[in-house]
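A.B. asks: Supplied in structure tokens, the structure appears directly below.
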Amino acid sequence: MKEPYPGYTKPLIVPQPLRSDGAGGPDFGPRDVLRDLENPNMLVPPATDAGLVPNLKMSFSDTHMQLNHGGWSREITVRDLPVATTLAGVNMSLTPGGVRELHWHQQAEWAYMIWGKARITAVDQNGRNFIADVGEGDLWYFPAGIPHSIQGLETGCEFLLVFDDGEFSDLNTLSISDWFAHTPKDVLAANFGVSESAFATIPSEQVYIFQDDIPGSLESQMVESPYGTVPQSFKHRLLAQKPLVTPGGSVRIVDSSNFPVSKTVAAALVEIKPGAMRELHWHPNNDEWQYYLTGQGRMTVFAGNGIARTFDYRAGDVGYVPFAYGHYIQNTGTESLWFLEMFKSDRFADVSLNQWMALTPRELVADNLHVGSELIDALRKEKWPVVKYPDCYGEPKS
């Protein structure tokens, strides 16, 4: 439709906490209308929502930005999302040449490259090294205690880091500059067999992120170790995996079965097309930590005992589902919804409600739910992680 005149903007329609069945009432008090517009299913929950479920949503946009020359970082831990005890996440960006300094963690680090290119390095406990370049859609995994570094290449980069402990903080890691700054220079001199003057200009505190020159080619940076390279690659090309494709979208699963070094984090990259949904399911191995990459959607979580709650998510948000809680995710936008499901586990596992019912005696299911052949005949023995049906469009039914 043609706009009335240049610069015209449509009037803001103020949403009200009123459901189509008449429940609720107008809110005329102080409020954040833009926030309510982003969270329509929290302002007006589906009639099937009931009881108390803890907050299962946090946005990186609501977190503290750590700004350094060379890049920035922000994190979501149990301080920000108390229910998320199994995993913590860091969103980080490095400029061209920007370096996340040489460091190591008490936790394992799993990473997804959002955009750009970076160079990663590591050395294991046996002196075997690893140097590689990673690009969009690539993963890396560094086991706990393994020293490593990350550097932005010619485009710079942004990535998501996931750690297998909800208490983790990236600002409280073990860094080479921090250790040097808090070690007497005579001890450093004795350790490396040089004079104390060699340490006259070392940093006085943790560097964390710093600006450096863009490194040369990968070949020019290779360092040969007398012990060889690490036996299991720390890098995995997730987008190179053949996805499981269904009418509603696609799924790529990565865990220790196809990325052997990743012993404590398993994940799935899920695409939900407009009008589709991640099917009703649950995970029998651990809590689920989510990161939304593009699009927008809503998730309803069922906690048992008549308790359920719906949350709205957008790109940059983190979601969480406690162990074994039933849930589904619908695409509420006009573009594909892409998100990551992550678990503190060596294997990805989910239980499909549809498949469970299909592989259970028909009469038992029919009698349990008081349903007829229309539903029973439609059940699928094969799992479809993402489904698409016409009634997935529009607002949830009251």
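Mapping to the working numbering: the sequence shown position 61 is 1242, numbers consecutive. Note that beta-carbon positions come from the ideal geometry of N, C-alpha and C, so glycine has one too. Just so we're clear, the structure is a prediction, and the values are computed from it rather than from any experiment.
1. Over what stretch of residues does the alpha helix (DSSP H) that includes Phe1373 continue unbroken?
2. Secondary structure at Gln1471, three-state DSSP: helix, strand or coil?
3. Can you grab the Cα-Cα spacing for the pair Lys1564 / Leu1550, in whole Å?
4. Assuming contact is defined by CB atoms lying nearer than 7 Å, are Val1225 and Leu1342 in contact in what I supplied?
5. Please report the residue range of the alpha helix (DSSP H) in which Phe1361 lies.
6. At what residues does the alpha helix (DSSP H) containing Met1223 begin and finish?
7. Please go through the same chain and pick out, in chain order, the residues whose beta-carbon is closer than 6 Å to the beta-carbon of Glu1593, but skip the five residues on each side of it.
8. Can the beta-carbon of Gln1387 be found less than 7 Å from the beta-carbon of Asp1346?
9. Can you have a look at Glu1576 and say buried or exposed, based on whether 16 or more other CB atoms are within 10 angstroms of its CB?
10. My guess is that Leu1461 and Tyr1389 are in contact by the Cβ rule of under 8 Å, so how many angstroms apart are they, rounded?
11. Give me the Cα-Cα distance between Met1182 and Trp1253, rounded to the nearest whole angstrom.
12. Closest to Ala1449 by C-alpha separation, out of Ala1379, Phe1209, Leu1521 and His1284, would be which residue?
13. Just how far apart, CA to CA, sit Ala1539 and Ser1431?
14. From the DSSP output, in three-state form, read off Gln1413 for me.
15. Jot down the residue ranges of each uninterrupted beta strand (DSSP E) in the segment 1264-1343, minimum 3 residues, whole runs only, in chain order.
16. Helix or strand or just coil, what does DSSP make of Trp1565?
C.D. replies: From the atom records:
1. By 1-based counting over the sequence shown, the position of residue 1373 is 192. Unbroken alpha helix (DSSP H) run through Phe1373: Lys1366 to Phe1373.
2. Taking the sequence shown and counting its residues from 1, the one referred to as residue 1471 is at position 290. Gln1471 falls in the strand class under three-state DSSP.
3. Reading the sequence shown from its first residue, position 383 is the one you call residue 1564. Reading the sequence shown from its first residue, position 369 is the one you call residue 1550. Distance between the alpha carbons of Lys1564 and Leu1550: 21 Å.
4. Position 44 of the sequence shown, counted from the start, is the residue given in the question as residue 1225. Position 161 of the sequence shown, counted from the start, is the residue given in the question as residue 1342. No, the Cβ-Cβ distance between Val1225 and Leu1342 is not below 7 Å.
5. Taking the sequence shown and counting its residues from 1, the one referred to as residue 1361 is at position 180. Here the alpha helix (DSSP H) through Phe1361 covers Ile1357 to Ala1362.
6. Start at 1 with the first residue of the sequence shown, and residue 1223 comes out as number 42. It spans Pro1221 to Leu1224 - the alpha helix (DSSP H) in which Met1223 sits, taken as one unbroken run.
7. This structure gives no information on residue 1593, because the portion of the chain shown stretches from 1182 to 1579.
8. In the sequence shown, the residue the question calls residue 1387 occupies position 206. In the sequence shown, the residue the question calls residue 1346 occupies position 165. Not in contact: Gln1387 and Asp1346 (Cβ atoms no closer than 7 Å).
9. Counting from one through the sequence shown, the residue named residue 1576 turns up at place 395. At Glu1576, the pLDDT of 44 sits below 50, so the modelled position is not reliable and the matter cannot be decided from this model.
10. Locating residue 1461 in the sequence shown gives position 280, counting from the first residue. Locating residue 1389 in the sequence shown gives position 208, counting from the first residue. Incorrect: roughly 43 Å between the Cβ atoms, too far for contact.
11. As a position in the sequence shown, residue 1182 is number 1, starting the count at 1. As a position in the sequence shown, residue 1253 is number 72, starting the count at 1. Any reading at Met1182 must be qualified, since the residue scores a pLDDT of 49, below 50, and its modelled position is unreliable; the value itself is stated next. Answer to the nearest angstrom: the Cα atoms are 41 Å apart.
12. Translated into the one-based positions of the sequence shown, residue 1449 becomes position 268. Cα-wise, what sits closest to Ala1449 is Leu1521.
13. Within the sequence shown, numbered from 1, the residue matching residue 1539 stands at position 358. Within the sequence shown, numbered from 1, the residue matching residue 1431 stands at position 250. Roughly 22 Å separates the two Cα atoms.
14. In the sequence shown, residue 1413 corresponds to position 232, counting from 1. Coil, per DSSP.
15. 1269-1275, 1280-1285, 1290-1304, 1310-1315 and 1319-1323
16. Position 384 of the sequence shown holds residue 1565. Here Trp1565 sits in coil by DSSP.
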